[in-house]
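Take a look at the structure below.
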Amino acid sequence: MLKTGIVKDKRYINHQTGSFHPESPQRLEAIYSMLEESDMAGRFQEVPVRRAEIKELLSIHSSGYVDMVAATEGKSFSSLDPDTSTSAGSYEAALLAAGGLCQAVSMVISGEIDNGFALVRPPGHHAERDRAMGFCLFNNVAIGAKYAQIFHNLKRILIIDWDLHHGNGTQHSFEGDPSVLYFSTHQYPYYPGSGAFKEAGKGDGEGFTVNVPLSQGHGDGEYVGIFEKILKPIALEFNPELILVSAGFDIYERDPLGGMEVTPNGFAGLTQSIMNIGNSICDGKVVLTLEGGYNLTGLKDSVKKVLKELAGLSKTSIEDFVSCADQGKVDYAAGQVFKVHGKYWKNLNP
């Protein structure tokens, strides 16, 4: 059994988004309740939660933007974006989300835990340098990557984003940076409209942004097949020291915002695929952070499957998923990625 850390704190519930908003406190309440089930209770190490320091936020966000979000503290309602609002406790929750992830990253790098999952909100991957967007305030995964580089001197970090939506904020944070490889699968065309195959990075970062836009209807086999055929060879060649995952559960088959067909078992397969990569190149140093996912039953069940894989309580067979994939969908995605990235990654095949 592996030592898996979890970031959880009731203060994340204090980010109130209003009635009928999909990114609701009930998401974490469902997950935290699942953690008390008999087969889960006591099996995970709780990561001490802290607020992100301002200097950590400023590694990704502008000071003016941080000040704007801070100014919402204590106010019952502030609208930062058509989809994104805050309540009195949102600023603190956002600080704790970014800081909790940084603490998990630190503990994984130091070896205190083997891997981790930040079960936090608000989510982060849409947040831009100076703009709230798509339910996100601060870009947790980007801040976590910068934290690992600045405070732990890591040279290469892989960010994997399996959320339904493209992580525009994360891509823009690192698109010119060859030390961070950003890999995203996402429904396309869809919100936020970015993430085409041709978006491959800029300047020195060209080739280090890998987008795999997908039409509706991709399921377990296709997702795991894409990770094995596209992500794996690129990741092994990039050879990161840490893997961060923007884990969005809105690709679940019955998510109200989505059009994908991934089951809880599929999320286990994705996790096992990533763990296999991590075990090959960075001593299994993998940290996930919660992004989307709005069907409460699917979210709870899928996070449970992921945690069991991380902790070694179960080990899903990758081959079972790959063998049942619609190979035409996998090969199409691989061929399109190869057209853009074949010149950057010698291990990649169409």
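75 is the number of the first residue of the sequence shown in our numbering; add one for each residue after it.
Ideal placement from N, C-alpha and C gives every residue a C-beta, glycine not left out.
None of these values were measured; they are calculated from a predicted model.
Worksheet entry | Inter-stretch contact (C-beta, 8 Å, three-pair minimum) for the segment 161 to 176 and the segment 209 to 216 | In short, these stretches touch, since the Cβ pair count reaches three.
Discussion item. List, from N- to C-terminal side, the beta strand (DSSP E) runs of 3 residues or more that fit wholly inside the segment 85 to 167.
Written reply: Complete beta strand (DSSP E) runs here, min 3: 152 to 155 and 158 to 160.
Fill in: Cβ-based neighbour list, V298, same chain, cut-off 8 Å, excluding 5 preceding and 5 following
Locating residue 298 in the sequence shown gives position 224, counting from the first residue. Excluding residues within five positions, the ones whose Cβ falls inside 8 Å are G340, G343, L344, S347, I392, F395, V396 and A399.
Worksheet entry | Beta-carbon proximity list for A407, same chain, < 6 Å, skipping 5 on both sides | Locating residue 407 in the sequence shown gives position 333, counting from the first residue. Contacts found: V286 and I300.
Discussion item. I'd like to check one pair, V284 with S320: are the Cβ atoms closer than 9 Å?
Written reply: In the sequence shown, the residue the question calls residue 320 occupies position 246. In the sequence shown, the residue the question calls residue 284 occupies position 210. In terms of Cβ geometry, S320 and V284 do not form a close pair [threshold 9 Å].
Worksheet item: How long is the line joining the alpha carbons of N421 and T78, rounded to whole angstroms?
Response: Residue 421 sits at position 347 when you count from the first residue of the sequence shown. Residue 78 sits at position 4 when you count from the first residue of the sequence shown. Cα to Cα, the separation comes out at about 31 Å.
Worksheet item: From what residue to what residue does the alpha helix (DSSP H) around P338 run?
Response: By 1-based counting over the sequence shown, the position of residue 338 is 264. Element bounds for P338: P338 to I355.
Worksheet item: Among L305, G277 and V179, which residue has its Cα nearest to the Cα of V123?
Response: The count along the sequence shown starts at 1 and reaches residue 123 at position 49. Per the C-alpha coordinates, the member of L305, G277 and V179 positioned closest to V123 is V179.
Worksheet item: From this set, K374, P156, Q401 and A219, which residue's C-alpha is nearest Q177's C-alpha?
Response: Counting from one through the sequence shown, the residue named residue 177 turns up at place 103. Distances from the CA of Q177 to each of K374, P156, Q401 and A219 were compared; the closest alpha carbon is that of A219.
Fill in: Between the CA atoms of Q223 and E253 - distance to the nearest angstrom
In the sequence shown, counting from the first residue as 1, residue 253 sits at position 179. In the sequence shown, counting from the first residue as 1, residue 223 sits at position 149. It should be noted that the sequence gives Ser, not Glu, for residue 253. Straight across, the Cα-Cα distance linking S253 with Q223 is about 9 Å.
Fill in: DSSP state of V360 mapped onto helix, strand, coil
Position 286 of the sequence shown holds residue 360. In the three-state scheme derived from DSSP, where H, G and I count as helix and E and B as strand, V360 is classed as strand.
Practice prompt. Taking G281 and A274 to be in contact with their CB atoms under 8 Å, please state how far apart those CB atoms are, rounded to whole angstroms.
Written response: What you label residue 281 is simply residue 207 of the sequence shown in a count that begins at 1. What you label residue 274 is simply residue 200 of the sequence shown in a count that begins at 1. Contact between G281 and A274 holds: their C-beta atoms lie close to 6 Å from each other, under 8 Å.
Worksheet item: Distance, Cα to Cα, I325 vs E97?
Response: In the sequence shown, residue 325 corresponds to position 251, counting from 1. In the sequence shown, residue 97 corresponds to position 23, counting from 1. Rounded to the nearest whole angstrom, the C-alpha separation of I325 and E97 is 15 Å.
Worksheet entry | Three-state class that DSSP yields for H260 in the structure shown | Looking up residue 260 in the sequence shown gives position 186. In the structure shown, H260 falls within a strand segment according to DSSP collapsed to helix, strand and coil.
Worksheet item: Beta carbon of H292, beta carbon of E335: below 9 Å?
Response: Your numbering for residue 292 matches position 218 in the sequence shown. Your numbering for residue 335 matches position 261 in the sequence shown. Yes; because the gap between Cβ atoms is below 9 Å, this pair is in contact.
Practice prompt. Would you check if the distance between the CB atom of I317 and the CB atom of I233 is smaller than 9 Å?
Written response: Position 243 of the sequence shown holds residue 317. Position 159 of the sequence shown holds residue 233. Cβ distance < 9 Å, so I317 and I233 count as in contact.
Discussion item. Ignoring anything shorter than 3 residues, give me the beta strand (DSSP E) runs that lie fully in the segment 358 to 392, in order along the chain.
Written reply: List check, beta strand (DSSP E) in window: 360 to 364.
Discussion item. DSSP three-state label for M181, please.
Written reply: For the purposes of this step, residue 181 is identified with residue 107 of the sequence shown, where counting begins at 1. In the three-state scheme derived from DSSP, where H, G and I count as helix and E and B as strand, M181 is classed as helix.
Worksheet item: Going straight from the alpha carbon of V377 to that of H89, what length do you get?
Response: Taking the sequence shown and counting its residues from 1, the one referred to as residue 377 is at position 303. Taking the sequence shown and counting its residues from 1, the one referred to as residue 89 is at position 15. Spanning the alpha carbons of V377 and H89 requires a straight line of approximately 21 Å.
Discussion item. I need the boundaries of the alpha helix (DSSP H) containing V433, first residue and last residue.
Written reply: A query on residue 433 cannot be resolved here, the shown segment of the chain reaching from 75 to 424 and no further.
Fill in: Simplified DSSP assignment, three categories, for G79
Residue numbering aside, residue 79 sits at position 5 when the sequence shown is read from its first letter. When DSSP states are grouped into helix, strand and coil, G79 belongs to the strand group.
Worksheet item: Which runs of the alpha helix (DSSP H), 4 residues or longer, sit entirely within the segment 197 to 283?
Response: 214 to 226 and 242 to 248, all fully within the segment 197 to 283.
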